[in-house]
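**Q**
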Amino acid sequence: MRAILDFLLYDWLHADQLTQRPRFADHSRETFDAVLDTCERIAREKYAPFNRTVDIEEPRFDGEKVILPRATHEANRAYAESGMLSAAQDYDEGGMQLPYTIEAAANAFFGLASVSIGSSMLTKGNANLLLVHGTEAQKAVFARNEFNGRFSGTMCLSEPQAGSSLSDITTRAVPDGPDFESYPLGPRYRLKGNKMWISAGEHELTENIIHLVLAKIPGPDGKLIPGTRGISLFIVPKKLVDAQGRLTGERNDVALAGLNHKLGWRGTTNTLLNFGEGKFPVGGQPGAIGYLVGRRHEGLRCMFHMMNEARIGVGTAAVMLGMAGYYASLEYAKNRPQGRPVGPAGKDASQPQVRIIEHADVKRMLLAQKSYCEGALALELYCARLVDDQRTAAPEAADEARLLLEVLTPIAKSWPSEWCLEANSLAIQVHGGYGYTRDFPVEQYWRDNRLNMIHEGTHGIQATDLLGRKVVMEGGRGLQLLAARVNATMERAIQRPDLAEHANALGKALQDVGSATKAAWATGNPGEALANAVPYMQAFGHMVLAWIWLDVALAVPAGFSVAADQGRLGAARYFFHYELPKIGAWLNVVRTRDATCAQLPEEAF
Ligand SMILES: Cc1cc2nc3c(=O)[nH]c(=O)nc-3n(C[C@H](O)[C@H](O)[C@H](O)COP(=O)(O)OP(=O)(O)OC[C@H]3O[C@@H](n4cnc5c(N)ncnc54)[C@H](O)[C@@H]3O)c2cc1C
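Just so we're aligned: the sequence shown equals residues 1327 to 1931 in our numbering.
1. Given Ala1846, which residues of its chain have a CB within under 6 Å of its CB, disregarding the five upstream and five downstream residues?
2. To the nearest angstrom, how far is it from the Cα of Trp1741 to the Cα of Gly1648?
3. Where do the N-terminal and C-terminal ends of the beta strand (DSSP E) with Met1522 fall, by residue?
4. Short of 8 Å in beta carbon distance, which residues of its chain neighbour Asn1474, apart from the five on each side in sequence? Order them along the chain.
5. What do you reckon, are the CB atoms on Tyr1762 and Ala1650 nearer than 9 Å?
6. Within the chosen definition, does the segment 1567-1580 reach the segment 1746-1762 through at least 3 CB pairs nearer than 8 Å?
7. Give the list of continuous beta strand (DSSP E) stretches no shorter than 3 residues that lie fully inside the segment 1610-1672.
8. Is it true that the segment 1620-1633 meets the segment 1709-1727, where meeting means three or more beta-carbon pairs spaced less than 8 Å apart?
9. Considering only the alpha carbon of each residue, which of Tyr1417, Arg1370, His1399 and Lys1372 lies closest to Pro1348?
10. Between the segment 1554-1566 and the segment 1353-1363, do at least 3 Cβ pairs fall closer than 8 Å?
11. Could you check if Ala1879 belongs to the surroundings of ligand 1, using beta carbon to heavy atom distance under 8 Å?
12. Tell me the rounded alpha-carbon separation between Arg1367 and Leu1707.
13. What does the Cβ neighbour count give for His1587, buried or exposed, with the cut at 16 atoms within 10 Å?
14. Rounded C-beta distance between Gly1783 and Lys1739? I'm assuming under 8 Å.
15. Below 8 Å, how does it come out for the segment 1373-1391 and the segment 1442-1459: are there three or more Cβ pairs, yes or no?
16. If you scan the segment 1426-1480 from start to end, which runs of the beta strand (DSSP E) of 3 or more residues do you find wholly inside it?
17. By the three-class DSSP mapping on this structure, what secondary structure does Pro1563 have?
18. For the alpha helix (DSSP H) holding His1744, just list the boundary residues, first then last.
19. Assuming Ser1743 and Gln1695 form a contact by the criterion Cβ under 8 Å, report the distance between their Cβ atoms to the nearest whole angstrom.
20. Pull the bridge partners of Gly1584 from the DSSP assignment, please.
21. Do Ala1831 and Leu1880 have their C-beta atoms closer together than 9 Å?
22. Since Thr1815 is in the alpha helix (DSSP H), which residue starts that stretch and which ends it?
23. Going by DSSP, which residues form a beta bridge with Ala1541?
24. For the alpha helix (DSSP H) holding Leu1703, just list the boundary residues, first then last.
25. Between Ile1561 and ligand 1, is the CB less than 8 Å from at least one heavy atom?
26. Starting from the Cα of Leu1456, find the closest Cα among Leu1618, Asp1920 and His1903 and give me that residue.
27. If you run the structure through DSSP and keep just helix, strand and coil, what is Val1860?
28. Which two residues bound the contiguous alpha helix (DSSP H) that contains Glu1576?
29. Which ranges does the alpha helix (DSSP H) cover as unbroken runs of at least 4 residues, wholly within the segment 1873-1900, from first to last along the chain?
30. Just to confirm, is the Cβ distance from Val1797 to Gly1804 under 9 Å?
31. Can you give the Cα-Cα distance for Thr1427 and Leu1335, rounded to whole angstroms?
32. On a Cα-Cα basis, can you pick out the residue from Phe1477, Pro1504 and Leu1540 that is closest to Gly1571?
33. With three or more C-beta pairs closer than 8 Å as the rule, is the segment 1521-1537 touching the segment 1480-1495?
34. So for Val1608, helix, strand or coil by DSSP?
35. Rounded to the nearest angstrom, what separates Gly1451 and Pro1425 at their Cα positions?
36. Let's see if you can read the secondary structure: which residues bound the alpha helix (DSSP H) around Arg1403?
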């Protein structure tokens, strides 16, 4: 795994060149490697040995507290002590000014070792959002204490009746008294409502939990404003703090209504939280205390600020679960004797059995996993590099990175969620019956990975975002920028005899995606265009992955001599021969705006 990361980071992405930018000038390949080494070690020592423990010892509520295994406490402590929570922050903030590319690569080790022990991604996302939209006091009291590991953070968007459609949330926030605007931590409101699915919503891992909550401030008529326009964002600490960040000793009116019992990802608690129901009245009154972040009615805009990174994080988690299954099944296939090779004269039962890795079909399943997971890892790192470019490149390149990220983020989130999950399924298949038991780790990887198509925007919602918004925004410039990069890769590949055939196939795929995009929108009717948004996203994603693989293959020196390079070229070839041709079927229904699903009446199901 480390060798793959090193190749992708340095031989392919040239991440060491980031040190030429002023923000990263104190860094070097050595400092980057030191971060990777540290994370690899912590993941190996504090995470990997407990992956099954956290699956079996699900979080439980003893009536007062949520109990988690001791290993979870230790893993969280080790992560916070490593400084990784604030690694990307300014030196002034106590950070390391680490490029996001390196941070994302280093965090990949934790996904591989035990994806659900840590919930640091939420804490970082929460604190980062406050750095951008919070007041100085909010940054000092909440964000800094999250970066140093004293507090942890959550994101409270979903409600029992409002998941994909956040415009329908009903949590309300009303000003807390006539002088509600005079509080040092921000305008003070009282919140009331239920938040569903809140990850890390209750635990004893940190001194306090800082909830970032979306709620609606009623209009003058006392009614909630329909749509997303009425949504505002609030900091709601589990325990109240003073203006210096000290706990006041008083609980806020946030109560655990219940724990969700999940298919996987069990190391992280998942909660239904009741805000303001009066279980812990503050000042004798029901209503959870919340401090407004940013401006009223702009909550969703603030929340979406961190979405690109959150989605790259989800995509990377999906990739690493896929990788974990790949390594487990590779190991198994090398050791499991079963069956005999088929020679020209059929099978010879007098011969000893071979190991299953010698069967072509098992190799197919292994190569599929490798091509999905290594390709998707490359995509995630590419997107992470775009995040760095957006922040630190020259203005024109930064703007190009921003727009490319808009287009690529739905793929970075969704493609691994679907295909690295498929990799996990193949890892089970390679194990045969053993893969279906809890005696082997692969079933857990599949269960853990099944979440990723659901949260951070479901597959369907991401697809609608891609076809409905991203490829058409700014006059389709994002798609054009992507096409330019794909073309540049093709032009280089066409010069290499071993890659020219792939370059031509990619050129055709790019054209097909482009023409299908136009055909989908030919009538200008969103209902028709978006009815097949998921097949569109599948085809788009496969085209992107083919491009990534071709670009990665170009980083393999001609006349290579190491097996790893042979493996990379083999995985690229697999992708072009077995995967890319699938896009024809997906794009066909998009191009014809096929209404088979959309128009089938409910009674016919
Ligand atoms: C383990 C876990 C952790 C989570 N953590 C958090 C968290 O920390 N904070 C948080 O706020 N939320 C969290 N979520 C919530 C998650 O984001 C939602 O589950 C998700 O957004 C989907 O919402 P829903 O469950 O209400 O499903 P629904 O929105 O009801 O969707 C059900 C199905 O209908 C489809 N669908 C819905 N609307 C449309 C449409 N307009 N067009 C086409 N198809 C549509 C969806 O794609 C989906 O397949 C978590 C969820 C889980 C399972």
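We put the CB at the ideal spot given by N, CA and C, even for glycine.
**A** Quick look at the numbers:
1. These residues qualify, in order along the chain: Ala1855 and Val1916.
2. If you take the alpha carbons of Trp1741 and Gly1648, they lie about 12 Å apart.
3. Arg1514 to Ser1525 is the extent of the beta strand (DSSP E) around Met1522.
4. So the list reads Ala1406, Leu1411, Ser1412 and Gly1420, once near-sequence residues are dropped.
5. Going by C-beta atoms, Tyr1762 is not nearer than 9 Å to Ala1650.
6. The segment 1567-1580 makes no contact with the segment 1746-1762: fewer than 3 CB pairs, one atom from each, lie closer than 8 Å.
7. Whole beta strand (DSSP E) segments, 3+ residues: 1614-1619.
8. Result no; under three Cβ-Cβ pairs closer than 8 Å.
9. Closest option to Pro1348, Cα to Cα, is Tyr1417.
10. Flag = no, the segment 1554-1566 and the segment 1353-1363 do not touch.
11. False, no ligand heavy atom lies under 8 Å from that Cβ.
12. The straight-line gap from Cα to Cα measures roughly 21 Å.
13. Exposed, since its Cβ has fewer than 16 Cβ neighbours within 10 Å.
14. Sure, about 7 Å apart at Cβ, within 8 Å.
15. Counting Cβ pairs under 8 Å, three or more are found: they touch.
16. Counting only runs of 3 or more, we get nothing.
17. Taken through DSSP and simplified to helix, strand or coil, Pro1563 comes out as strand.
18. This sequence places Glu at residue 1744; His is not what is there. Start and end: Pro1721 to Val1756.
19. Not a contact, Cβ separation roughly 15 Å.
20. In the DSSP output, where bridge partners are listed per residue, Gly1584 has Leu1598.
21. Not a contact, by the Cβ cut-off of 9 Å.
22. Per DSSP, the continuous alpha helix (DSSP H) segment holding Thr1815 begins and ends at Met1799 to Ala1819.
23. In DSSP, Ala1541 forms a bridge with Ser1558.
24. Bounds of the alpha helix (DSSP H) holding Leu1703 are Ala1686 to Thr1718.
25. In this structure, Ile1561 has its CB at a distance of at least 8 Å from all heavy atoms of ligand 1.
26. Ranking Leu1618, Asp1920 and His1903 by CA distance to the CA of Leu1456 puts Leu1618 first.
27. Val1860 carries a helical assignment under DSSP once its states are collapsed to helix, strand and coil.
28. Boundaries around Glu1576 are those of the beta strand (DSSP E), Leu1573 to Arg1577, since no alpha helix (DSSP H) includes it.
29. Entirely contained in the segment 1873-1900, the alpha helix (DSSP H) runs reaching 4 residues are, in chain order, 1889-1900.
30. Cβ atoms of Val1797 and Gly1804: closer than 9 Å.
31. About 8 Å.
32. Nearest C-alpha to Gly1571 among Phe1477, Pro1504 and Leu1540: Phe1477.
33. In this structure the segment 1480-1495 touches the segment 1521-1537; the number of beta carbon pairs closer than 8 Å is three or more.
34. Strand.
35. Rounded to the nearest whole angstrom, the CA to CA distance from Gly1451 to Pro1425 is 16 Å.
36. Its alpha helix (DSSP H) spans residues Arg1396 to Glu1407.
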